[in-house]
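Have a look at the structure below before the remarks.
In my numbering, the protein residues as written are 2 to 150.
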């Protein structure tokens, strides 16, 4: 069997200045963090599209805004009620002018914002779309990072 030789494309939009887009995406992730830290489920999922999907840290896929909101409400009222986090957007790539992927890291913090984790405990991948002049989360997937020995 022979492989056909081809050049792999690099897919990245360079047709626009994305400075304001980057700020908007960072703000969207900040809203997720603030919603988590204040037990505000509505804020936490406010940036998700109606048919969004999210993979959580235990591998479950949650589909649809209403289901995401219900899951956030239950989590923040239950096992996440006294948990706090700090997110850092580590990169954003614009595949098209209206499609982006972003990564963030998450670290546990105290209620006063003091770091608990020395290293990120989780990374997340966001797939974002621009619709009606704003950025939305179409999909997110969380992946726990094993603690270093």
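The beta carbon of each residue, even a glycine, is placed where N, CA and C say it ideally should be. Only a predicted model underlies this, so the values are computations on that prediction, with no experimental measurement involved.
Alpha carbon to alpha carbon, how far is residue j from residue i? Give it in angstroms, no decimals.
i	j	result
residue 63	residue 57	8 Å
residue 32	residue 16	28 Å
residue 7	residue 93	27 Å
residue 81	residue 136	26 Å
residue 10	residue 18	21 Å
residue 131	residue 122	29 Å
residue 140	residue 113	30 Å
residue 27	residue 105	10 Å
residue 95	residue 83	35 Å
residue 66	residue 115	31 Å
residue 146	residue 91	15 Å
residue 99	residue 40	30 Å
residue 52	residue 5	37 Å
residue 68	residue 14	32 Å
residue 71	residue 50	15 Å
residue 35	residue 89	13 Å
DSSP has residue i in a bridge; who is on the other side?
i	result
residue 64	54
residue 143	125
residue 28	None, per the DSSP bridge assignment.
residue 87	108
Identify, in the order they occur along the chain, each residue of the same chain with its Cβ nearer than 6 Å to the Cβ of residue i, setting aside the five sequence neighbours on each side.
i	result
residue 142	56, 126
residue 38	85
Among the options, which residue has its Cα nearest to the Cα of residue i?
i	options	result
residue 29	115, 39, 46	46
residue 21	110, 87, 134	134
residue 108	26, 100, 87, 91	87
residue 77	13, 149, 43	43
residue 12	144, 102, 124, 115	102
residue 129	36, 48, 34	48
Starting from the C-beta of residue i, find all residues in its chain whose C-beta is less than 7 Å away, skip the five residues before and the five after it, and write them out in chain order.
i	result
residue 111	85, 117
residue 149	120
residue 97	14
So, at 8 Å on beta carbons, what are the nonlocal neighbours of residue i in its own chain, with the 5 sequence-adjacent residues on each side left out?
i	result
residue 74	42
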